[in-house]
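Engineer: Mind having a look at this structure? Questions to follow.
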Amino acid sequence: MSDLRVATSDTRDINPALIILATVLGPMIQEIDSMVVGVALPHMRGQFSAAPDQISWVLTTFLIGVAVTMPATGALASRFGRKRILIIAIIGFTLMSVFGALANSLNEIIAIRFVQGCFGAVLTPLSMSTLLDNFHREDHGMALGWWGVGIMVAPILGPTVGAFIAEHFTWRGVFFINVPIGIFACIVIASNVPVRAKRDVKNFNFSGFLMIAISAGCLQFILDQGERLDWFDAGKIVFAALIAGISLYCFILNTIYAQNPFLDYRVLMDRNFCVGMVLKVLLSIILVSIVALLPPFLIDLWNYPIITAGLVMAPRGVGVVLSVILVGYLMKHFDSRTLMAFGMLLAAYSTWLMADHTSNVTPWDLVFTNFFQGVGWSFLFVPLTAATFSTLNPVFLDVGAGLYGLIGNLGKSVGVSILVGFYIRNTQANRSDLMAYISPYNEAIQHNPLPNMWNIDSVTGLIALEGEIERQANLMAYTNDFRLLTFIILACLPLVFLMRRSENRVEEDEIKGDSVEKKGQIPM
Numbered sequence: 001m002s003d004l005r006v007a008t009s010d011t012r013d014i015n016p017a018l019i020i021l022a023t024v025l026g027p028m029i030q031e032i033d034s035m036v037v038g039v040a041l042p043h044m045r046g047q048f049s050a051a052p053d054q055i056s057w058v059l060t061t062f063l064i065g066v067a068v069t070m071p072a073t074g075a076l077a078s079r080f081g082r083k084r085i086l087i088i089a090i091i092g093f094t095l096m097s098v099f100g101a102l103a104n105s106l107n108e109i110i111a112i113r114f115v116q117g118c119f120g121a122v123l124t125p126l127s128m129s130t131l132l133d134n135f136h137r138e139d140h141g142m143a144l145g146w147w148g149v150g151i152m153v154a155p156i157l158g159p160t161v162g163a164f165i166a167e168h169f170t171w172r173g174v175f176f177i178n179v180p181i182g183i184f185a186c187i188v189i190a191s192n193v194p195v196r197a198k199r200d201v202k203n204f205n206f207s208g209f210l211m212i213a214i215s216a217g218c219l220q221f222i223l224d225q226g227e228r229l230d231w232f233d234a235g236k237i238v239f240a241a242l243i244a245g246i247s248l249y250c251f252i253l254n255t256i257y258a259q260n261p262f263l264d265y266r267v268l269m270d271r272n273f274c275v276g277m278v279l280k281v282l283l284s285i286i287l288v289s290i291v292a293l294l295p296p297f298l299i300d301l302w303n304y305p306i307i308t309a310g311l312v313m314a315p316r317g318v319g320v321v322l323s324v325i326l327v328g329y330l331m332k333h334f335d336s337r338t339l340m341a342f343g344m345l346l347a348a349y350s351t352w353l354m355a356d357h358t359s360n361v362t363p364w365d366l367v368f369t370n371f372f373q374g375v376g377w378s379f380l381f382v383p384l385t386a387a388t389f390s391t392l393n394p395v396f397l398d399v400g401a402g403l404y405g406l407i408g409n410l411g412k413s414v415g416v417s418i419l420v421g422f423y424i425r426n427t428q429a430n431r432s433d434l435m436a437y438i439s440p441y442n443e444a445i446q447h448n449p450l451p452n453m454w455n456i457d458s459v460t461g462l463i464a465l466e467g468e469i470e471r472q473a474n475l476m477a478y479t480n481d482f483r484l485l486t487f488i489i490l491a492c493l494p495l496v497f498l499m500r501r502s503e504n505r506v507e508e509d510e511i512k513g514d515s516v517e518k519k520g521q522i523p524m
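So the sequence shown is residues 1 to 524, counted in my numbering.
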């Protein structure tokens, strides 16, 4: 990290490590919160005597709050300053954690989680734009690598710590985890992040923001609750889809025809940024689908204990941590597109191996595939983030980071909704196909009798046989899902080479009508 150079006009001698630490803590507190709250849900359900569909709103309202607020990231940073908004967001997020721990009813904690999501929405986008803005472009890969290592602490430690606190103390304790991290984050950001000179900002287009916020919020609701409500057979989903479509249409009209639109369309004229957004949503679908499918794959099919399943999946995080710094170094010597292509091939290879797993797979096979999957994601996401913003005008950095974060979150929701639904329907179809073969009139069974434990002439044998059929139907469904993910990854490969090389970065003074700001004077 000693070879990293901070790009700032601040007269202080700023340590690059402290800049990275300051930008890591915001996303880390949000990731840890998401992990520990998910672990605490069963305990909260018992405390509030809530049904599964009721307790799920603790997560849903948080995601809706994030979706509603994230589009305003750029406008808030431009008007009030990036550093100020970061500190306010962390303070608000931490306070909502305290209020959540003290909540006495389900409705109370649901409302608190929505507000917490609103505060948390800006943490990752503004932290990333702060990181990119405070390092020279050639150092973005290495800086993002160290940033990624810090953020990986959350998914590695979060579930374990959350489960321990919820099991041995109370679910309220998991919310207090954020308090010391939030206080420390505010101190580090206030002390080390430079304050950028403000620039003149245009009037805030509230109607444009309202339209995109309503559309994003409704879409998040559809994706999160669709499977539970049986999609468009439910009136709530149809109504939300109608509102989302109308709001999006009005937002597009606002962007095209308004004198001062909420979203400056010039952001979308950058080719690298647009291609990066498409890749971000597709790869987010894949990443979260694997994370959602693998735990039940291990626990339900192979009866792994929860701790063992966690240990088998941990090598993915180890692969990320061990390779992400290497990726940052290689980005100084190789084209980012080449590294992304290599990462895609590694990720596709690992998902194809997962599709070939049978009931005889060993834990070491799973460790191997998870480790190389983590390496593949490192080679993919770090260069992707750097390449996406490499040619984007610095004036649009905060706006772009907000859109990048929003599209990533929606991609994750799409991944869970589509792949889990695909898995459920595949399981049902596979079960029906397999059951069709179980008949005393089937010639294959007549000539090759089933083992005694699957004797179809006894109740015990039928129950055992049905259990095996259910297991095989699930295994086939998982196999189909992992093969589909492999094909999606390979389909993304040509998109990588639509991006331009990062040397063609646009300078601010090329955008007419905006004040010229030199590096180190971008508003914070």
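Glycine included, C-beta positions come from ideal geometry on N, C-alpha and C.
Should Ser129 be labelled buried (16 or more other beta-carbon atoms within 10 Å of its own) or exposed?
Structural biologist: buried
Engineer: Suppose the cutoff is 7 Å on Cβ atoms and the five residues either side in sequence are ignored; what does the same chain contact list for Val414 look like?
Structural biologist: Leu223 and Ile285
Engineer: So what's Lys332 in DSSP terms, helix, strand or just coil?
Structural biologist: coil
Engineer: Asn15 to Gly317, Cα distance in whole Å?
Structural biologist: 27 Å
Engineer: Going by CA-CA distance only, name the one from Tyr257, Phe334 and Phe372 that's closest to Trp352.
Structural biologist: Phe372
Engineer: The alpha helix (DSSP H) that contains Ser378, what's its start and end?
Structural biologist: That run of the alpha helix (DSSP H) goes Pro363 to Ser390.
Engineer: Quick one: is Ile20 buried, meaning 16 or more other Cβ sit within 10 Å of its Cβ, or exposed?
Structural biologist: buried
Engineer: Give me the Cα-Cα distance between Ile90 and Met28, rounded to the nearest whole angstrom.
Structural biologist: If I take the Cα positions, the gap works out to 11 Å.
Engineer: Can Gly117 and Phe48 be called in contact, C-beta distance under 8 Å?
Structural biologist: no
Engineer: Could you work out which residue in Phe422, Leu490 and Leu498 is closest to Phe476 when comparing CA atoms only?
Structural biologist: One detail in the question is off: residue 476 reads as Met in this sequence, not Phe. Looking at the Cα atoms, Phe422 is the closest of the given residues.
Engineer: In this structure, does DSSP put Arg500 in helix, strand or coil?
Structural biologist: coil
Engineer: With 16 as the cutoff for other CB atoms within 10 Å, does His136 come out buried or exposed?
Structural biologist: exposed
Engineer: Considering Tyr528, what are the terminal residues of the alpha helix (DSSP H) in which it resides?
Structural biologist: Examination of residue 528 is not possible in this model, given that the chain is present from 1 through 524 alone.
Engineer: Report the three-state DSSP secondary structure of Val312 (helix, strand or coil).
Structural biologist: Helix, per DSSP.
Engineer: Examine the Cβ distances between the stretch 132 to 148 and the stretch 56 to 70 and report whether three or more of them are shorter than 8 Å.
Structural biologist: no
Engineer: Rank Arg266, Gly150 and Val278 by C-alpha distance to the C-alpha of Leu495 and give the top, closest one.
Structural biologist: Val278
Engineer: For Phe297, which option in Ala22, Gly26, Met35 and Asp481 has the closest C-alpha, if you only look at C-alpha atoms?
Structural biologist: Asp481
Engineer: Considering Cα atoms alone, identify which of Asn254, Arg84, Ala166 and Ile112 is closest to Asn192.
Structural biologist: For Asn192, the closest of Asn254, Arg84, Ala166 and Ile112 by C-alpha to C-alpha distance is Arg84.
Engineer: Relative to the C-alpha of Arg483, which candidate in Phe164, Arg82, Cys274 and Asp356 has its C-alpha closest?
Structural biologist: Asp356
Engineer: Use the C-beta contact count for Met269: other C-beta atoms within 10 angstroms, 16 or more gives buried, fewer gives exposed.
Structural biologist: Met269 should be labelled exposed.
Engineer: Can you give me the C-alpha to C-alpha distance between Cys218 and Phe262, rounded to a whole angstrom?
Structural biologist: 19 Å
Engineer: Which of helix, strand or coil does DSSP assign to Pro295?
Structural biologist: helix
Engineer: DSSP three-state label for Glu507, please.
Structural biologist: Because Glu507 sits at a pLDDT of 44, beneath the cut-off of 50, its placement in the model cannot be relied upon, and the point is left open.
Engineer: Is the stretch 225 to 241 touching the stretch 425 to 432 in the sense that three or more CB pairs, one from each, lie closer than 8 Å?
Structural biologist: The stretch 425 to 432 is not in contact with the stretch 225 to 241.
Engineer: Is His333 buried or exposed, if buried means 16 or more other CB atoms sit within 10 Å of its CB?
Structural biologist: Taking every protein chain shown into account, the CB of His333 has fewer than 16 other CB atoms within 10 angstroms, so this residue is exposed.
Engineer: Suppose you measure from the CA of Leu406 to the CA of Val68; what does that come to, to the nearest Å?
Structural biologist: 9 Å
Engineer: With Gly65 and Phe93 assumed to form a contact (beta carbons below 8 Å), what rounded beta-carbon distance in angstroms separates them?
Structural biologist: About 11 Å; that fails the 8 Å criterion.
Engineer: Does the pairing of the stretch 380 to 387 with the stretch 333 to 350 give three or more beta-carbon distances under 8 Å?
Structural biologist: yes
Engineer: State the DSSP-derived secondary structure class of Tyr404, mapped to helix, strand or coil.
Structural biologist: Residue state, collapsed to three classes: helix.
Engineer: Given a threshold of 16 other Cβ atoms within 10 Å of its Cβ, counted over all protein chains shown, does Tyr249 qualify as buried or as exposed?
Structural biologist: exposed
Engineer: If you compare alpha carbons, which of Pro363, Phe206 and Ala436 is closest to Tyr304?
Structural biologist: Pro363
Engineer: Out of curiosity, what's the CA-to-CA distance linking Asp264 and Thr255?
Structural biologist: 7 Å
Engineer: Quick check: the Cα distance between Gly100 and Gln225, rounded to an integer number of angstroms?
Structural biologist: 22 Å
Engineer: Between the alpha carbons of Thr369 and Ile325, how many angstroms are there, rounded?
Structural biologist: 20 Å
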